[in-house]
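In the numbering used here, the protein residues as written are 318 to 469.
Structure (structure tokens):
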């Protein structure tokens, strides 16, 4: 009877250990994995005048014909921009390539396409469904925060 109780106790401890270890083994994805797992669509943009995380006004920097573009990032630091249904210039190709890179320990994103205007954006949120980034810019001597948000 004592041996049977010890065997059952050992079995319960083993099961608990396996369950506890398996939940710790599910590692968080890297920013590269989040960025490259699916295509991104523009969601919103704007100016945050007091840098409190709330958009106070649209920036006017993103044209309507750019808002339907689809961005696909590849892990090799390249990507594809699909113009979507509306093009800014009818003569532009439907798709074009771009380069991207993380900077500062994957905390900043630099993409060489017009919507990013050669700026390195600070990542605020990057997960399975949302990419939210900002850059501080000077406009007529006033420092403001420019936000851009993308979704899958």
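Even glycine gets a Cβ: it sits at the ideal position worked out from N, Cα and C.
Using the C-alpha atoms, what's the distance from residue 460 back to residue 446?
Here residue 446 corresponds to residue number 129 of the chain shown, with the count starting at 1. Here residue 460 corresponds to residue number 143 of the chain shown, with the count starting at 1. Straight through space, the alpha carbons of residue 460 and residue 446 are spaced by roughly 29 Å.
Pair every Cβ in the segment 359-367 with every Cβ in the segment 376-389, then say whether three or more of these pairs are closer than 8 Å.
yes
Less than 8 Å between the beta carbons of residue 401 and residue 415, yes or no?
Taking the first residue of the chain shown as position 1, residue 401 is located at position 84. Taking the first residue of the chain shown as position 1, residue 415 is located at position 98. Contact: no.
Let me check you understand the geometry: is the CB of residue 456 closer than 7 Å to at least one non-hydrogen atom of the ligand MG?
Although the ligand MG was asked about, the structure shown includes no ligands whatsoever.
For residue 450, count the other beta carbons within 10 Å of its own beta carbon; 16 or more makes it buried, fewer makes it exposed. Which is it?
Position 133 of the chain shown, counted from the start, is the residue given in the question as residue 450. With 16 or more Cβ atoms within 10 Å of its Cβ, residue 450 is classed as buried.
Within its chain, find whatever has a CB closer than 6 Å to the CB of residue 462; leave out the 5 residues flanking it on each side and keep chain order.
What you label residue 462 is simply residue 145 of the chain shown in a count that begins at 1. Within its own chain, the residues whose Cβ lies closer than 6 Å to the Cβ of residue 462, once the five positions on either side in sequence are excluded, are 365, 368, 451 and 453, listed in chain order.
Name the DSSP bridge partner or partners of residue 362?
Along the chain shown, one-based indexing puts residue 362 at 45. Under DSSP, residue 362 takes part in a beta bridge, and its partners are 465.
State yes or no: is the C-beta of residue 427 within less than 8 Å of the C-beta of residue 434?
On the chain shown, residue 427 is found 110 positions in, with the first residue counted as 1. On the chain shown, residue 434 is found 117 positions in, with the first residue counted as 1. Not closer than 8 Å, so no.
Quick one, which of 344, 430, 467 and 439 has its alpha-carbon nearest residue 398's?
On the chain shown, position 81 is the one that residue 398 refers to. If we check each option's Cα against that of residue 398, 430 comes out closest.
Using the Cβ count rule (16 or more neighbours within 10 Å means buried), how would you classify residue 465?
Your numbering for residue 465 matches position 148 in the chain shown. Counting Cβ neighbours within 10 Å, residue 465 comes out buried, since at least 16 surround it.
Quick one, are the C-beta atoms of residue 424 and residue 444 less than 8 Å apart?
For the purposes of this step, residue 424 is taken as residue 107 along the chain shown, with counting starting at 1. For the purposes of this step, residue 444 is taken as residue 127 along the chain shown, with counting starting at 1. Result no, Cβ atoms of residue 424 and residue 444 do not sit closer than 8 Å.
From which residue to which residue does the beta strand (DSSP E) around residue 444 run?
In the chain shown, counting from the first residue as 1, residue 444 sits at position 127. Here residue 444 belongs to no beta strand (DSSP E), and DSSP marks it neither H nor E.
Cα separation between residue 420 and residue 403?
Along the chain shown, read from residue 1 onward, the residue named residue 420 stands at position 103. Along the chain shown, read from residue 1 onward, the residue named residue 403 stands at position 86. Going from the Cα of residue 420 to the Cα of residue 403 covers about 32 Å.
To the nearest angstrom, report how far apart residue 388 and residue 349 are at their CA atoms.
In the chain shown, residue 388 corresponds to position 71, counting from 1. In the chain shown, residue 349 corresponds to position 32, counting from 1. Answer to the nearest angstrom: the Cα atoms are 14 Å apart.
Would you call residue 458 buried or exposed, if buried means 16 or more other Cβ atoms sit within 10 Å of its Cβ?
Indexing the chain shown from 1 puts residue 458 at position 141. With fewer than 16 Cβ atoms within 10 Å of its Cβ, residue 458 is classed as exposed.
If you run the structure through DSSP and keep just helix, strand and coil, what is residue 456?
Taking the chain shown and counting its residues from 1, the one referred to as residue 456 is at position 139. Strand at residue 456.
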